[in-house]
Amino acid sequence: MPAHWHSAGVSTATHVDPEPLPGPGRVSVLRHPPFRLLFAGQALSAVGDRLFLVATPFAVLAIPGADASDVGLVIGASALSLAVCVLIGGVVADRVPRRLTMLVSDVVRGVVQAIGAALLLTDRATVMQFVVLMLVYGAAEAFFRPAMLGLIPQVVDPGEEQPANALLALTANVSMVLAPAIGGVLVAVIGPGGSLAVDAATFAASALSLLMLRPRPAAPVERSSFAKDLAGGFHEVRSRSWVWSAMLAFSAYHALVLPAVFVLGPLVASEIRDGATSWGWISAGFGAGAVAGSLVALRWQPSRPGLVIGATLSVASAQGWICASSMPTWAVTGLEAVTGVGVSICFTVWETQLQQLRSLACRASTTSDH
Amino acid sequence: MSSFDYLGSLTLMPVGLAAVGPLATEVGVRTTAVGASVVTATVCLAVALSGGLRRLRPAE
C-alpha cells in the first residue's frame with residue numbers, strides 16, 4: 110500500500126508487510142555489522158516517515174491563511190511525485206549502487222525537512238514553498254525502498270533474507286504505533302517547525318549509518334523492472350474479473366477515503382480536539398490495529414478470500430466518517446484501531462492471492478516449456 | 022501485477038488530495054468525509070458480492 114502512506118507514502122500508511130515475525134533465533138541476523146547499520150538506519154527512517162505524516166498537515170495549517178485545500182495541495186504534491194518516480198525507482202535500484210541511492214534519498218529528504226523547518230521557525234513559510242519542497246521529498250522517497258530491499262542480500266548471509274525482512278517489517282510495525290504518538294506530542298510541545306527539524310535529524314542519522322555501511326558487492330540479479338511488470342500485469346488484470354474488481358475497490362479507497370483522512374482528519378483535530386496530540390493518538394490507534402490485523406492474517410487463511418477483501422475494506426472505508434466525527438478522541442482512536450485491523454487483513458489477503466496467482470502462472474509456464 | 026495495483030492507487034491519491042479540500046469548503050467537512058466513506062463502502066460491497074470476488078477460492 111501504498112502506502113508511503115502507505116505510505117504515506119503514500120506508503121503506505123496502510124500497508125503492513127505479511128512477513129512472519131522474527132522468533133528468538135532469528136535475531137541472530139543482527140550479528141552482521143552491515144545489517145545492524147542498515148537496521149538502525151531503516152528504523153530511524155521509518156520513524157521519520159511517520160513523523161512526517163503527523164507533522165506536515167499541522168505545519169501547513171500553521172502558515173497564516175492556510176486551509177484544508179492547502180493541506181491537500183502540499184500532501185498531494187509529495188504523493189504525485191512519489192507516484193511518478195516509483196516507475197523510475199525500480200530501474201534505478203538495479204543500475205546505481207544501492208547504498209548510494211539510499212544515501213542520496215536520505216540526504217535530500219533531510220535537507221528538504223531542514224529547509225521547511227527553517228522557513229516555519231522564521232515565519233517565512235508559504236504554501237507554494239511547501240508544495241515545491243514536497244515534490245522533491247516525494248521523488249526522493251520513491252527511490253529509497255526498492256534500493257533498500259535490494260541491499261538486504263548484500264548485508265546478510267545467503268538464506269538469511271527472510272529473518273532480515275521480518276525484522277525490518279517488525280520495525281515498520283512498531284514505528285506505526287509509536288511514531289505518530291511521539292510526533293503528535295512533538296508538534297504540540299515544540300511546534301511544527303521544530304518537529305520538521307527533528308524529522309530532518311532522523312534522516313541525517315540514517316544517512317550517517319549508511320555512510321558507515323560496507324555492503325558486499327552486488328551479485329548480478331534478475332529482477333523484473335516496474336515497467337515490465339506493469340506491461341505483464343495489464344494482461345493478467347484484464348483477464349481476471351476478481352483482480353480488477355478488487356482494484357476498483359482499492360482505487361476508491363485511495364482516491365476518496367485516504368485523502369479525507371489525511372486532510373480532513375488533522376483539520377477536525379485542530380478545530381475541535383487538542384490538535385496534533387489528538388491526531389497523533391488517533392494515528393497510533395490505527396497503527397496498533399494494523400499490527401494486530403497483520404498478526405491475525407499470519408495465521409488465518411480464509412476460505413472466501415474475495416468476500417474478506419471486500420468486507421474488510423468496507424469496514425476500513427468508515428475512516429473518513431470516523432476522522433471527521435465529533436465523537437470523543439478516545440472513541441475515534443478505538444474505531445480507527447478497528448479499521449486498522451480491517452486494512453491490514455485486507456491487504457495481506459490480497460497480496461497472498463496475488464502471490465498464489467503468480468506461482469500458478471509460473472508453474473504453468475514451466476510445464477509448457479517441457 | 023502488484024505494481025499495476027500500486028500504480029492505480031498511487032496515481033489516484035494525489036487527485037483525491039487536491040480535490041478534498043475545495044470540496045469540503047463547498048459542501049462541508051462532515052458531508053465530504055461521510056460521502057467518501059459511503060461511496061467507497063458501497064463500491065467495496067458491490068464488488069465483493071458481484072461476480073469474481075465472490076467466487077474466488079484459495080488456490081490448491
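So the sequence lines, in the order shown, correspond to chains A and B. Basically this note's numbering = 1-based index in the first sequence + 109. Basically this note's numbering = 1-based index in the second sequence + 21. Using N, Cα and C, we set each Cβ at its ideal position, and we do this for glycine too.
Item to complete: Using three-state DSSP, classify T231 (chain A) as helix, strand or coil.
Response: Here residue 231 (chain A) corresponds to residue number 122 of the first sequence, with the count starting at 1. T231 (chain A) falls in the coil class under three-state DSSP.
Worksheet entry | Against chain B: residues of the segment 354-374 of chain A by CB proximity under 9 angstroms | S354, A355, M356, L357, A358, F359, S360, A361, Y362, H363, A364, L365, V366, L367, P368, A369, V370, F371, V372, L373 and G374
Worksheet item: So which residues of chain B does V195 (chain A) contact, with C-beta pairs closer than 9 angstroms?
Response: Counted from its first residue, the first sequence places residue 195 (chain A) at position 86. What V195 (chain A) touches in chain B: S24, Y27, L28 and L31.
Item to complete: Just the C-alpha distance for S354 (chain A) and R76 (chain B), rounded to the nearest angstrom, thanks.
Response: Numbered from its first residue, the first sequence carries residue 354 (chain A) at position 245. Numbered from its first residue, the second sequence carries residue 76 (chain B) at position 55. Their backbone Cα atoms lie some 12 angstroms apart in a straight line.
Worksheet item: Looking at the C-beta of V48 (chain B), does it have a partner C-beta in chain A at a distance below 9 angstroms?
Response: Within the second sequence, the letter at position 27 stands for residue 48 (chain B). Not one chain A Cβ lies under 9 angstroms of V48 (chain B).
Worksheet item: So which residues on chain B does W430 (chain A) lean against when the C-beta distance must stay under 7 angstroms?
Response: Counted from its first residue, the first sequence places residue 430 (chain A) at position 321. Under the 7 angstroms cutoff, chain B gives A54, V55 and S58.
Fill in: Pairwise C-alpha distance: A168 (chain A) and V200 (chain A)
Looking up residue 200 (chain A) in the first sequence gives position 91. Looking up residue 168 (chain A) in the first sequence gives position 59. Cα to Cα, V200 (chain A) sits roughly 33 angstroms from A168 (chain A).
Item to complete: Determine the DSSP secondary structure at P79 (chain B), reduced to helix, strand or coil.
Response: As a position in the second sequence, residue 79 (chain B) is number 58, starting the count at 1. Looking at P79 (chain B) - three-state DSSP - the assignment turns out to be coil, as it is neither helix nor strand.
Item to complete: For V180 (chain A), go through chain B and note every residue whose CB falls closer than 7 angstroms to its CB, in chain order.
Response: Counting from 1 along the first sequence, the entry for residue 180 (chain A) is found at position 71. For V180 (chain A), the chain B residues whose C-beta falls within less than 7 angstroms of its own C-beta are G42, listed in chain order.
Item to complete: Please list the partners that V377 (chain A) has in chain B, where partner means a Cβ-to-Cβ separation under 7 angstroms.
Response: For the purposes of this step, residue 377 (chain A) is identified with residue 268 of the first sequence, where counting begins at 1. Within 7 angstroms Cβ-Cβ: V50.
Worksheet entry | Coarse secondary structure for Q410 (chain A), derived from DSSP in three states | As a position in the first sequence, residue 410 (chain A) is number 301, starting the count at 1. Coil at Q410 (chain A), not helix or strand.
Worksheet entry | Beta carbon proximity, P437 (chain A) to chain B, threshold 9 angstroms | Residue numbering aside, residue 437 (chain A) sits at position 328 when the first sequence is read from its first letter. P437 (chain A) does not count as touching chain B.
Worksheet item: Quick one: what's got a C-beta closer than 7 angstroms to P131 (chain A)'s C-beta in the same chain, skipping five residues either side?
Response: For this step, residue 131 (chain A) is matched to residue 22 along the first sequence. For P131 (chain A), the predicted structure reports a pLDDT of 48, less than 50, and the residue's modelled location is therefore unreliable. The matter cannot be settled from this model.
Discussion item. Out of A:D176, A:C194 and A:V405, which one is the CA nearest neighbour of E47 (chain B)?
Written reply: In the second sequence, counting from the first residue as 1, residue 47 (chain B) sits at position 26. Put simply, of A:D176, A:C194 and A:V405 the residue whose alpha carbon is nearest the alpha carbon of E47 (chain B) is A:D176.
Practice prompt. Answer with yes or no whether the minimum CB distance from P173 (chain A) to chain B is below 9 angstroms.
Written response: As a working note, residue 173 (chain A) is residue 64 in the first sequence. At a cut-off of 9 angstroms, the C-beta of P173 (chain A) has no neighbouring C-beta in chain B.
Item to complete: Measure the Cβ-Cβ separation of G198 (chain A) and A316 (chain A) and say whether it is below 9 angstroms.
Response: What you label residue 198 (chain A) is simply residue 89 of the first sequence in a count that begins at 1. What you label residue 316 (chain A) is simply residue 207 of the first sequence in a count that begins at 1. Result no, Cβ atoms of G198 (chain A) and A316 (chain A) do not sit closer than 9 angstroms.
Worksheet item: Going by C-alpha distance, which of A:A327, A:M321, A:T311 and A:E460 is nearest D266 (chain A)?
Response: Position 157 of the first sequence, counting from 1, holds the residue named residue 266 (chain A). If we check each option's Cα against that of D266 (chain A), A:A327 comes out closest.
Practice prompt. Reducing DSSP to helix, strand and coil, say where V264 (chain A) ends up.
Written response: Locating residue 264 (chain A) in the first sequence gives position 155, where the first residue counts as 1. Correct three-state label for V264 (chain A): coil.
Discussion item. If you reduce the DSSP assignment to three classes, tell me which class P206 (chain A) lands in.
Written reply: Your numbering for residue 206 (chain A) matches position 97 in the first sequence. The answer is coil: DSSP assigns P206 (chain A) none of H, G, I, E or B.
Worksheet entry | Between the CA atoms of L404 (chain A) and P368 (chain A) - distance to the nearest angstrom | Here residue 368 (chain A) refers to the residue found at position 259 of the first sequence. Here residue 404 (chain A) refers to the residue found at position 295 of the first sequence. For P368 (chain A) and L404 (chain A), the distance between alpha carbons rounds to 27 angstroms.
Fill in: Any 3 or more C-beta pairs closer than 8 angstroms across the segment 317-325 of chain A and the segment 250-265 of chain A
yes
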